[in-house]
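Below: the structure, in structure tokens.
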Amino acid sequence: MPELPEVETTRRGIEPAVSNAVLTDVQVRNPNMRWRTPTRALKKLIGQRIVSLQRRAKYLLLGTESDTILLHLGMSGSLHVLPTQCPPGKHDHLDLEFDHKTLVRFNDPRRFGCCLVLKEPVQQHKLLAGLGPEPLSDEFDGGHLKMLAKGRRVAVKNFIMDGRVVVGVGNIYASEALYRAGIRPGIAAGGVSAVRYSGLATAIKDVLADAIRAGGTTLNDFSQADGKPGYFRHELQVYGREGQPCLSCSEPIRSRFIGQRNSYYCSICQR
DNA sequence: CAAAGGTCCTGCTCGC
DNA sequence: TGCGAGCAGGACCTTT
């Protein structure tokens with residue numbers, strides 16, 4: 139579920155609760171996430187202060203005075219800020235408790251998410267090394283896409299969902315950005331011109347920024363740290379709109395599987 | 001029953 | 001024939 143806007147929305151949502159807070163307890167109810175949650179390593183951090191809260195790609199990084207707690211929400215995860223005595227429900231696999239009687243609760247039905255404890259230097263960890271640029275940074279632009287696309291035959295949609303190319307673009311926003319840029323999702327990445335990549339980079343930045351502004355997209359599981367849904371679902375122009383008229387030309391939106399994932403596009407507006 | 005927002009890993013194919 | 005890069009598919013899980 140959570141793509142970059144949802145993770146960024148979550149980061150902003152938990153920031154008041156964790157920033158400068160002292161970790162007072164850790165509850166691991168089910169460590170069987172994508173990778174086993176390191177209960178002992180987490181418990182060793184009790185008593186430490188959270189000194190930073192960053193997002194890199196779709197990873198949340200809670201910096202303590204010694205180590206960094208890495209969280210990934212996988213496909214169905216969410217974090218909520220709750221009072222400490224709040225009874226846990228189904229799929230509430232992890233609680234991080236802080237002073238001021240608040241806790242951050244990690245709920246993840248599919249358990250594709252993870253929680254790890256990273257030693258410094260964090261950026262050299264296997265999961266973080268080799269990640270492409272942040273899409274909202276100046277480092278990311280059409281020239282970057284054009285350079286990496288040289289000779290690549292993969293569909294441009296798969297190309298922009300590749301974290302080594304650019305991070306944070308998942309299935310929803312890939313379709314949305316390609317629609318905004320007027321590019322068909324199935325064409326080969328290597329065949330897209332520099333001019334069109336420039337437009338695509340801008341479209342990616344715009345759609346992600348718009349989605350963050352709306353608090354992310356809620357389809358099923360996702361909700362913000364305060365439990366409210368994200369409202370970008372109402373602004374999706376193609377994702378999930380198969381058969382409905384294109385908002386620009388009224389042609390019915392089509393869907394097609396590209397690389398195992400459903401893609402949505404307008405056959406008139408996207409070439 | 002199939003499919004759902006992610007992404008790491010394995011193994012195949014292709015071209016040099 | 002061997003090698004590396006690129007690419008497709010499987011794997012991880014539960015819920016609707």
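When you number the first sequence by our numbering, it's gap-free, plus one each residue, and the end is 409.
Here a beta-carbon is modelled for each residue, glycine too, at the ideal position from N, C-alpha and C.
All values reported here derive from a predicted model rather than from experimental measurement.
When rounded, the separation of the alpha-carbon atoms in residue 303 and residue 403 is 22 Å. Contact between the stretch 386 to 404 and the stretch 243 to 252 is absent: fewer than 3 CB-CB pairs across the two stretches fall below 8 Å.
Under the 10 Å beta carbon count, residue 296 is surrounded by 16 or more other beta carbons and is classified as buried. Between the alpha carbons of residue 173 and residue 224 lies a gap of roughly 26 Å. Residue pairing by DSSP leaves residue 368 without any beta bridge partner. In this structure, residue 207 sits away from residue 363, with a CB-CB distance that is not shorter than 8 Å.
The closest CA to that of residue 147, considering only 355, 382 and 406, is found on 355. Runs of the beta strand (DSSP E) lying entirely within the stretch 161 to 228 and spanning at least 3 residues, in chain order: 161 to 166, 188 to 194, 197 to 202, 206 to 210 and 216 to 221. In this structure, residue 143 and residue 350 form a Cβ contact; the two beta carbons are roughly 5 Å apart against a cut-off of 8 Å.
In this structure, DSSP gives residue 388 a state outside helix and strand, which the three-state scheme calls coil. Rounded to whole angstroms, the separation of the alpha carbons of residue 286 and residue 253 is 31 Å. Separation of residue 338 and residue 179 (C-alpha to C-alpha, rounded to the nearest whole angstrom) is 42 Å. For the set 284, 308, 175 and 380, the Cα lying nearest the Cα of residue 405 is the one of 380. Collapsing the DSSP output to three states places residue 283 in a helix.
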